[in-house]
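Residue numbers (our numbering): 1077 to 1270. Every residue, glycine too, gets a C-beta built ideally from N, C-alpha and C. Owing to the predicted nature of the structure, the values given are computational and were not obtained by experimental measurement. A short write-up of the structure that comes next.
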Amino acid sequence: MKIKFLIIFLSFIFAFRISAENKESFLGDINAQNVLIEYASLSCVHCANFHNKDLPSIKKDLIDTGKVKYIYRNFPLDRPAMIAAMVSNCYSGSKYFEVLNTLFRNQKKWVAKSENIEEFQEVLFSVLKIHGITEKNIKVCTSENADNKEKWNTILKIRLEAQRMGVNSTPSFFLNGEKLKGAITSEYLKSIIK
1077 MKIKFLIIFL SFIFAFRISA ENKESFLGDI NAQNVLIEYA SLSCVHCANF HNKDLPSIKK
1137 DLIDTGKVKY IYRNFPLDRP AMIAAMVSNC YSGSKYFEVL NTLFRNQKKW VAKSENIEEF
1197 QEVLFSVLKI HGITEKNIKV CTSENADNKE KWNTILKIRL EAQRMGVNST PSFFLNGEKL
1257 KGAITSEYLK SIIK
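Encoded structure:
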């Protein structure tokens, strides 16, 4: 019985990994030799610091040159981060990363208004309207429906999988499947990259 359960459980995890990886937005060359995965919370100050200060040079030096494929995975630490993750997950490709960057750049504005959902949605709209996102878009992305329940559950599954891999703080990074420690900068990555 235990073996049967283990096989079913591992099959589920393997299938989830494949489907999650196939649907993920990424930056860089799809066939890059190196894959950098970041687990971050949109409400995390250290994550915002990385996105605002270090990621631009990593993008310029390693992602845009085809050396690294970069994948961002939501690891929400609180309700505001989860709702912001839901909004960002309504978009894909370059728009997904534009939304993430704007959320990190304006983190103090929207995190401070997270107590009241309507006020929170209004602040998210004011921050994201530069991308053509409307108040209606935000309400649709955060309303309770089957589509959003599936997105919510996917975010939670990614978080649980990350915890099983040893992620216990944000931001956390993996390069080619190996967990990295310390500050992640362009110079550091260049020194360890294949």
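Inside the region 1184-1265, DSSP marks whole beta strand (DSSP E) runs of 3 or more residues at positions 1248-1251, from first to last along the chain.
Cβ-Cβ separation between PRO1156 and VAL1187: approximately 5 Å, consistent with a contact (criterion under 8 Å). The region 1250-1257 makes contact with the region 1107-1122: 3 or more CB pairs, one atom from each, lie closer than 8 Å. Under the DSSP definition of a beta bridge, ILE1113 partners with ILE1147 and PHE1250. Burial state of SER1117 is buried, judged by a 10 Å Cβ sphere holding 16 or more other Cβ atoms. For GLN1197, the closest C-alpha among the options ARG1181, VAL1216, HIS1207 and PHE1180 is that of VAL1216. Taking the CA atoms as reference points, CYS1120 sits about 16 Å from ILE1260. SER1164 counts as buried, since at least 16 other C-beta atoms from the protein chains shown sit within 10 angstroms of its C-beta. When the beta-carbon positions are compared, ILE1147 and PHE1102 come within less than 8 Å of each other.
Under DSSP, the beta-bridge partners assigned to PHE1102 are ILE1147. Looking at the backbone, the Cα of THR1210 and that of PRO1132 are separated by about 27 Å.
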